[in-house]
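Residue numbers (the working numbering): 12 to 930. Quick notes on the structure that follows.
Okay, here's the thing in structure tokens:
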């Protein structure tokens, strides 16, 4: 374990193995790429983004000093040939990607013919490598991936200075070559490593296993290593020669013919026999020797050879291979087959030449260092507190370890050697407050390092004082639509708390019965079920048993949002499944991303949705209520769709999204089929603003054109006219059907050639029916109308538009009743009722207005308080029917007027769904 001449020689060998750096950056080799797993061309320049397709093209293009990176995964060339040369000091290198070693390679065989100054790295093949007539060739990390391991290595044809290292082959034959070096390779064959007429062959630190199974007819009782012909000046050192399998063979494992003995040297090999059978170790110049002693005495060779009867224990902690090789032997590499450097095992004496500690065979025993650990007793403490750091690792050789602890405060690191202990400790006192990053580095005897980092907080002395912030979580302008951000979500951040000692627990009481615990000062998030005012209370506990509480009142509400128009699509149709919506049983409808609607997508940050809801096939007169899904919340008193028994009725609904990403729908009596079409959604920091308009008539087919016929489409100009700018993205319309010849539905949509399978209005003969629709603007500022059967006149009144230059953002509310004249008296014909209760700064409102107990046909018109009565309607009243409609209207001073036409008195019910402000 003392420094030795062998160590000095290994260091020199390391420089030779890695290579000296180039003199200037201009001398560095450039790179070519061969990869047909991406777009490639054999006529290109071979860059990484535009690689060559075939290995042959890479060989043809390569020049001295270049590295050709090859992805062999999709190479269909089963046989590769290299016939191109580099230059002295500027080899051509073929580097195969490491991924190829994870699969059975599609490359069968590599031939290097008539080439010089060539290196091949990382190749995986199945049928071997042949090198003929070549000079200065290096194979490094070449592997046999065939199922049965039948890939040979052949070096022949006058090749010179071929080096094969850290590779695996089935067998090897060196014939008619000079100065071939085999180092740290694994060979498992049923025949010998054959060296014939190959002077200067070096065989060092290999594992050569001669496998024979006489029962299966595998192997022919041949030598493990045989050197014949004019193979003078060869050497065999530090190898492991084993005979395995079912055999009674007594053939020598190492055989050197008389013609090859001149200048040939052997030593420091380990020879293991087959279990249960005698081993003949050597044959030298025709004479066999059963023991190392006899061989050494007769030939002077085989010094420090080890002979064992079997391979049992050869790769255990007490293996005779460890620290027992000749580090000065020719062909010794500074790293083993796995890249591990020569390592001194402190558990065994150094019995190698001159006290060296190189291992025999292909691999070096090492300490197994893969991980390190660090523990800190007070990672958070006031300045002046002694802090103890404990470090350790999984090294099997603790005496070779060194631990360096950098405390992160600019003071000198502590350097500790543990001796025989598994762990080390050191103590440090921080002199000033800091949030320091402590870094511990574990270093073993070969210089391998593994580091661990941990934060340490040194604080000013004082008392524990809780502080926190409470902010709503909203989707960012660049929000990923795949990420769900639920409405009414609050983030509580406790990191502003003053805590001299470490915090072990934080309790956050959100004021609605929800308590969350956290293991330290961090954020806690919670989605409330309802908007409202809540008292949030935070209690912090530290490691010394102290606690501190702080509280504050927070207002939780829906955020002002822009509108995102979508192509309408059907979200639910209970008729398709034979199910119903019914009295007493809420029906959940998922509207956030995650519900399965083929070909459609909904964003994860929506605060409220706009739907067209249709009720059909009702078993009795009834109405439907729609509200945000909140566990445990009963159906509200508000309503959205009223329908007669056996009839069909629809209405637009704007409703907040519940904390579970759903809405609820329920009938007040009976049962019916439910159809829900998705129209669009509102989301904070997204979409377009809204500009309300006094109801403005855009189309009336009774005075301008014919009725819309079944199966026909009609395009209507909506943007760029009637006070709606040309760049509007969507328009809010009141759509009225009158004079229908049969029951039918009407759809309004943007693309005239692509009608969605949704509807906006259901019409009936003898009844004027209306519904509000929000329709994306199509080509040239138009929308398209369609009815499926019969014919009907249509009236379109614009009540607002959406665009980038719009005025207001939408704030949804849980459905709320603002007014009900059934408690104050009917609205007389020609009279106006004023509805209050809206925010004073509201520019517009979204209402559900219902007319009931009607005695004569007529209409209602909603408009801004103190505004001018427009010449358009918001809903049509019918005697004996209860008629609701989704109404978007301007607002002034927090109030809205609702005018009743001269048809007859009506009760008017007004429910608030949301309002518009400048945001």
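Just so it is clear, CB atoms sit at the ideal spot from N, CA and C, and this is done for glycine as well.
* To do: Could you tell me which residues DSSP puts in a beta bridge with residue 233?
  => Position 222 of the chain shown, counting from 1, holds the residue named residue 233. Looking at the DSSP output, residue 233 shares a beta bridge with no other residue.
So, with DSSP's three-state summary, where would you put residue 71?
Counting from 1 along the chain shown, the entry for residue 71 is found at position 60. If DSSP states are grouped into helix, strand and coil, residue 71 belongs with the helices.
Is the beta carbon of residue 624 closer than 8 Å to that of residue 652? Counting from one through the chain shown, the residue named residue 652 turns up at place 641. Counting from one through the chain shown, the residue named residue 624 turns up at place 613. A contact, by the Cβ cut-off of 8 Å.
Spatial neighbours of residue 584 within its chain, please: C-beta separation below 7 Å, excluding the five flanking residues on both sides. In the chain shown, the residue the question calls residue 584 occupies position 573. Apart from sequence neighbours up to five positions away, the residues of its chain that approach residue 584 with a beta-carbon distance below 7 Å are 686, ordered along the chain.
Pop quiz: residue 753 and residue 684 are said to be a contact at Cβ under 8 Å. What is the actual Cβ separation, rounded to whole angstroms? What you label residue 753 is simply residue 742 of the chain shown in a count that begins at 1. What you label residue 684 is simply residue 673 of the chain shown in a count that begins at 1. Incorrect: roughly 20 Å between the Cβ atoms, too far for contact.
Counting Cβ pairs, one atom from each stretch, are 3 or more of them under 8 Å apart for the region 406-413 and the region 307-320? They do not touch, by the three-pair rule.
Q | residue 834, DSSP secondary structure in three states | A | The residue you call residue 834 lines up with position 823 of the chain shown. Reduced to three states, the DSSP call for residue 834 is helix.
With distances taken between CB atoms, is the gap from residue 672 to residue 631 smaller than 8 Å? Here residue 672 is taken as the residue at index 661 of the chain shown, counted from 1. Here residue 631 is taken as the residue at index 620 of the chain shown, counted from 1. Not in contact: residue 672 and residue 631 (Cβ atoms no closer than 8 Å).
Subject >> Residues bridged to residue 445 (per DSSP) >> reply: Residue numbering aside, residue 445 sits at position 434 when the chain shown is read from its first letter. DSSP output for residue 445 lists 469 as bridge partner(s).
Give me the Cβ distance between residue 821 and residue 572, rounded to the nearest whole Å; I'm assuming they're in contact under 8 Å. Translated into positions along the chain shown, residue 821 becomes position 810. Translated into positions along the chain shown, residue 572 becomes position 561. Yes, residue 821 and residue 572 are in contact; Cβ-Cβ is about 5 Å, under 8 Å.
Item to check | the region 862-870 in contact with the region 883-903 per 3-pair CB rule at 8 Å | outcome: Yes: at least three Cβ pairs fall under 8 Å.
Quiz item: Straight-line CA distance for residue 1 to residue 304?
Solution: Only positions 12 to 930 of the chain appear in the structure, and residue 1 is not among them; the question remains open.
### Task
Could you spell out the range, first to last residue, of the beta strand (DSSP E) harbouring residue 527?
Residue mapping note: residue 527 aligns to position 516 of the chain shown, counting from 1. The continuous beta strand (DSSP E) containing residue 527 extends over residues 526-529.
Here's the rule I'm using: 16 or more other beta-carbon atoms within 10 Å means buried, otherwise exposed. How should residue 709 be labelled? Reading the chain shown from its first residue, position 698 is the one you call residue 709. Its Cβ being crowded by 16 or more others within 10 Å, residue 709 is buried.
Q) residue 365 by DSSP, collapsed to three states: which one? A) As a first step, residue 365 is located in the chain shown; it is residue number 354 there, counting from the start. Here residue 365 sits in helix by DSSP.
Requested in this report: Spell out whether any CB of chain B is found under 8 Å from the CB atom of residue 628.
Outcome: Looking at the structure shown, chain B is missing, and only one protein chain is on hand.
Quiz prompt | 8 Å contact criterion, which residue 698 and residue 574 should meet: CB distance rounded | solution = Mapped onto the chain shown, residue 698 falls at position 687. Mapped onto the chain shown, residue 574 falls at position 563. The C-beta distance from residue 698 to residue 574 rounds to 5 Å, short enough to fall under 8 Å.
*List the whole-angstrom C-beta distance separating residue 553 from residue 513, where the pair is believed to meet the contact cut-off of C-beta under 8 Å.*
As a working mapping, residue 553 is identified with position 542 in the chain shown. As a working mapping, residue 513 is identified with position 502 in the chain shown. In this structure residue 553 is in contact with residue 513, their Cβ atoms being roughly 6 Å apart against a cut-off of 8 Å.
Q | Helix, strand or coil at residue 695 [DSSP, three-state] | A | Here residue 695 refers to the residue found at position 684 of the chain shown. Coil at residue 695, not helix or strand.
Contact check, residue 271 vs residue 239, beta carbons under 8 Å: Translated into the one-based positions of the chain shown, residue 271 becomes position 260. Translated into the one-based positions of the chain shown, residue 239 becomes position 228. In contact: residue 271 and residue 239 (Cβ atoms closer than 8 Å).
For this session: In angstroms with no decimal places, state the Cα-to-Cα distance between residue 927 and residue 524.
Result: Against the chain shown, residue 927 aligns to sequence position 916. Against the chain shown, residue 524 aligns to sequence position 513. Their backbone Cα atoms lie some 32 Å apart in a straight line.
Fill in: Sheet register partners of residue 386 (DSSP bridge)
Translated into the one-based positions of the chain shown, residue 386 becomes position 375. Residue 386 is bridged to 401.
### residue 563 in three-state terms, based on DSSP
Reading the chain shown from its first residue, position 552 is the one you call residue 563. Strand.
- Below 8 Å between beta carbons: does that hold for residue 452 and residue 415? For the purposes of this step, residue 452 is identified with residue 441 of the chain shown, where counting begins at 1. For the purposes of this step, residue 415 is identified with residue 404 of the chain shown, where counting begins at 1. Cβ distance < 8 Å, so residue 452 and residue 415 count as in contact.
For the 8 Å Cβ check, are there 3 or more pairs between the region 524-544 and the region 459-474?
Segments in contact, no.
Quiz prompt | Neighbourhood of residue 107 by C-beta distance below 6 Å, restricted to the same chain and skipping five residues each side | solution = As a first step, residue 107 is located in the chain shown; it is residue number 96 there, counting from the start. Annotation for residue 107: 81, 83, 133, 134 place their beta carbon closer than 6 Å to its own, counting only its chain and skipping 5 residues before and after.
Requested in this report: List the DSSP bridge partners of residue 532.
Outcome: Position 521 of the chain shown, counting from 1, holds the residue named residue 532. Answer is none; residue 532 lacks a bridge partner.
Note to self: For residue 125, which residues in the same chain have their Cβ closer than 6 Å to its Cβ, ignoring the five residues on either side in sequence?
What the structure shows: Start at 1 with the first residue of the chain shown, and residue 125 comes out as number 114. For residue 125, where only same-chain residues beyond five positions count, the Cβ hits under 6 Å are 94, 144.
- prompt: Comparing alpha-carbon positions, which option in 120, 128, 127 lies nearest residue 138?
  reply: By 1-based counting over the chain shown, the position of residue 138 is 127. Per the Cα distances, 120.
| said: Tell me the residue span of the alpha helix (DSSP H) that contains residue 310. | reply: The residue given as residue 310 occupies position 299 in the chain shown. Counting along the chain, the alpha helix (DSSP H) containing residue 310 begins and ends at 303-310.
message: I'd like to know if the region 800-815 and the region 827-834 are in contact, where contact means that at least 3 CB-CB pairs between them fall below 8 Å.
response: Touching, no, given that fewer than three Cβ pairs across the two stretches are closer than 8 Å.
Leaving out five residues before and five after residue 264 in sequence, what residues of the same chain have Cβ atoms less than 6 Å from its Cβ? Counting from one through the chain shown, the residue named residue 264 turns up at place 253. So the list reads 235, 252, 282, 292, once near-sequence residues are dropped.
Quick check on the burial criterion: 16 or more other C-beta atoms within 10 angstroms. Buried or exposed for residue 250? Numbered from its first residue, the chain shown carries residue 250 at position 239. When all chains shown are included, residue 250 counts as buried.
Residue of 756, 728, 907, 59 minimising C-alpha distance to residue 809: As a position in the chain shown, residue 809 is number 798, starting the count at 1. Across the set 756, 728, 907, 59, the C-alpha of 728 shows the shortest separation from the C-alpha of residue 809.
(message) On the DSSP bridge list, what partners appear for residue 146?
(response) Your numbering for residue 146 matches position 135 in the chain shown. Answer by DSSP bridge pairing, in chain order: 127, 171.
Please tell me whether residue 903 and residue 878 are closer than 8 Å, where the distance is taken between their beta carbons. Here residue 903 refers to the residue found at position 892 of the chain shown. Here residue 878 refers to the residue found at position 867 of the chain shown. Cβ atoms of residue 903 and residue 878: closer than 8 Å.
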